[in-house]
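Asker: In our numbering, the protein residues as written are 19 to 350.
Even glycine gets a Cβ: it sits at the ideal position worked out from N, Cα and C.
Take this structure first; my questions come after.
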Amino acid sequence: MLALYVAKPNELELRRLETVRSPQGDEVKIKLIYGGICGSDLGVLKGKLPHANYPVRAGHELVGVIIEKGEQAAYDIGTRVVVLPNTYCGACDLCQKGLTNICRHKQSLGINTDGGFSQEFVISSKYVLPVPDDLSDEKAVLVEPFAVVVHALSKARIEPTMRVAVIGCGNEGMMAAVLARHFGADVTAVDVNPLKLETVKAMADIRTLAPAALSGETFDVVIEAAGTREAVEQAVELVAPGGHLVLIGFANEATFPVVRLVRNEVTVHGSIIYRFPDDYLQAIHYLRTMPHPIERVISRIFPVCDYEQAYELASSGNAGKVVLSFREGEEQ
Numbered sequence: 019m020l021a022l023y024v025a026k027p028n029e030l031e032l033r034r035l036e037t038v039r040s041p042q043g044d045e046v047k048i049k050l051i052y053g054g055i056c057g058s059d060l061g062v063l064k065g066k067l068p069h070a071n072y073p074v075r076a077g078h079e080l081v082g083v084i085i086e087k088g089e090q091a092a093y094d095i096g097t098r099v100v101v102l103p104n105t106y107c108g109a110c111d112l113c114q115k116g117l118t119n120i121c122r123h124k125q126s127l128g129i130n131t132d133g134g135f136s137q138e139f140v141i142s143s144k145y146v147l148p149v150p151d152d153l154s155d156e157k158a159v160l161v162e163p164f165a166v167v168v169h170a171l172s173k174a175r176i177e178p179t180m181r182v183a184v185i186g187c188g189n190e191g192m193m194a195a196v197l198a199r200h201f202g203a204d205v206t207a208v209d210v211n212p213l214k215l216e217t218v219k220a221m222a223d224i225r226t227l228a229p230a231a232l233s234g235e236t237f238d239v240v241i242e243a244a245g246t247r248e249a250v251e252q253a254v255e256l257v258a259p260g261g262h263l264v265l266i267g268f269a270n271e272a273t274f275p276v277v278r279l280v281r282n283e284v285t286v287h288g289s290i291i292y293r294f295p296d297d298y299l300q301a302i303h304y305l306r307t308m309p310h311p312i313e314r315v316i317s318r319i320f321p322v323c324d325y326e327q328a329y330e331l332a333s334s335g336n337a338g339k340v341v342l343s344f345r346e347g348e349e350q
């Protein structure tokens, strides 16, 4: 059985494991189908996340099938599920307020605890959710990253005819633009990479521009998804009076005129991951019902044995979502 580890910064290692232990109590054993490579996976590999532990099994965007269960497990063998990769204690003051996404004791799969890039792995059934039969595997692997977008956009309450700008067309930015368009907004997607702009335009009726092409325009909602100083600073300038700025990216710092936010009564939202299961359920609903082919955000699916090529493409900046397949028969 194959499992992919980050042995230390800049060192990926495909290991062959003999067995995976049987699930106990409320746990389930999952046979993995697909695993998406996320920006945080790349950050762990490059040694850019100070809270990462090494060695660590990679991966947290996961869809698979339950093949074994403990006596108290919530779901049956044969159930296809997606995974919540961020634990929560349920007892701290934040969890008690329903803010499980910022639990004080949160651990994250593939970062500071072993992730799911393994042909089989065991996890508490508390952290899995069934997906309906009519949701393809290619869409199901997007549930976790799409839930990030669902959570973020819920803060701004986007309505038809609103003008929305999305700054940064990585995977989250592209999906945010498509979801905003689904809500009926007039959407402008902004990125320095024309390939990313072509991809998002192929998914929905969305105007696409390079950052320098925006001049004098303002928007009711601006979603910052690039995670750079320049993007945050531009986003602040683009928010119309009374508008909303939603920050998804992880810029370390930025400089902007606070007086602009105060005088224009701009509402600023920070948004991190999602609430489980609510945002997952909403993500599944949109993935099932949106007419837009959001699965086109996936640039390529590689067999797990081609992990080096997959990570290289994901790191290139010239691809959308890159996915690893863990299906049987794809071993070399």
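(1) For the region 78 to 166, list the beta strand (DSSP E) runs that are entirely contained and at least 3 residues long, ordered along the chain.
(2) Please list the terminal residues of the continuous beta strand (DSSP E) segment that includes Glu242.
(3) Distance check for Ile185 and Glu89, CA to CA, integer angstroms please.
(4) Can you list, in chain order, the residues of its chain with a C-beta nearer than 8 Å to that of Pro41? Leave out the 5 residues immediately preceding and following it.
(5) Cα separation between Ala228 and Gly338?
(6) Going by C-alpha distance, which of Glu31, Ala174 and Cys110 is nearest Pro136?
(7) Which whole-angstrom value describes the C-beta separation of Thr105 and Gln125, a residue pair presumed to lie in contact below a C-beta threshold of 8 Å?
(8) My parser needs the alpha helix (DSSP H) runs of 4 or more residues fully inside the region 181 to 216; what are they?
(9) Tell me the DSSP secondary structure of Tyr72 in three-state form.
(10) In chain order, what residues of the same chain lie with their CB nearer than 6 Å to the CB of Gln350, ignoring the 5 residues before and after it?
(11) Ignore the nearest five residues each way along the sequence and tell me which others in Val196's own chain have a CB closer than 6 Å to its CB.
(12) Taking the alpha-carbon positions, what's the Met19 to Cys113 distance?
(13) Buried or exposed for Gly335, going by 16 or more other Cβ atoms inside 10 Å?
(14) Throw me the rounded Cβ distance for the Asp238 and Met193 pair, which I believe falls under 8 Å.
(15) Using CA coordinates, which residue listed in Asn119, Tyr52 and Asn71 is at the minimum distance from Ile316?
(16) Starting from the Cα of Thr273, find the closest Cα among Gly288, Glu248 and Val284 and give me that residue.
(17) Can you tell me whether Asp94 is buried or exposed? The criterion is at least 16 other CB atoms within 10 Å of its CB, across all chains shown.
(18) So, helix, strand or coil for Gln350, using DSSP?
(19) Would you please state the rounded distance, in angstroms, between the beta carbons of Glu177 and Phe201? I believe it to be under 8 Å.
(20) Within a Cβ cutoff of 6 Å, which residues of the same chain sit near Gly245, ignoring the five residues on either side of it in sequence?
(21) Between the Cα of Leu35 and the Cα atoms of Leu22, Glu29, Ser154 and Pro27, which residue gives the shortest distance?
(22) Assuming Val161 and Ala301 form a contact by the criterion Cβ under 8 Å, report the distance between their Cβ atoms to the nearest whole angstrom.
(23) For Ser333, which residues in the same chain have their Cβ closer than 6 Å to its Cβ, ignoring the five residues on either side in sequence?
(24) Helix or strand or just coil, what does DSSP make of Pro275?
(25) When the Cα atoms are used, what is the spatial distance from Thr236 to Pro150?
(26) Evaluate Val257 with the Cβ neighbour count: other Cβ atoms within 10 Å of its Cβ, from every protein chain shown; 16 or more gives buried, anything less gives exposed.
Answerer: Quick answer:
(1) 79 to 87, 98 to 101, 138 to 142 and 146 to 148
(2) Phe237 to Glu242
(3) 47 Å
(4) Lys47, Glu86, Lys87, Gly88, Ala91 and Val140
(5) 18 Å
(6) One point to set straight first is that residue 136 is Ser, not Pro, in the sequence displayed. Out of Glu31, Ala174 and Cys110, Glu31 has the C-alpha closest to the C-alpha of Ser136.
(7) 5 Å
(8) 189 to 200
(9) coil
(10) Caution applies to Gln350, whose pLDDT of 43 falls short of 50 and renders its modelled position unreliable; the value that the coordinates give is listed next. Correct list, in chain order: Cys323.
(11) Met221, Ala222, His310 and Ile312
(12) 36 Å
(13) exposed
(14) In fact, because the Cβ distance is near 19 Å, the residues do not count as touching under 8 Å.
(15) Tyr52
(16) Glu248
(17) exposed
(18) Residue placement at Gln350 cannot be trusted, given a pLDDT of 43 that sits under 50; what the coordinates show is reported in the next sentence. DSSP places Gln350 in coil when its eight states are reduced to three.
(19) 7 Å
(20) Gly267, Phe268 and Ala269
(21) Leu22
(22) 5 Å
(23) Leu60
(24) coil
(25) 40 Å
(26) buried
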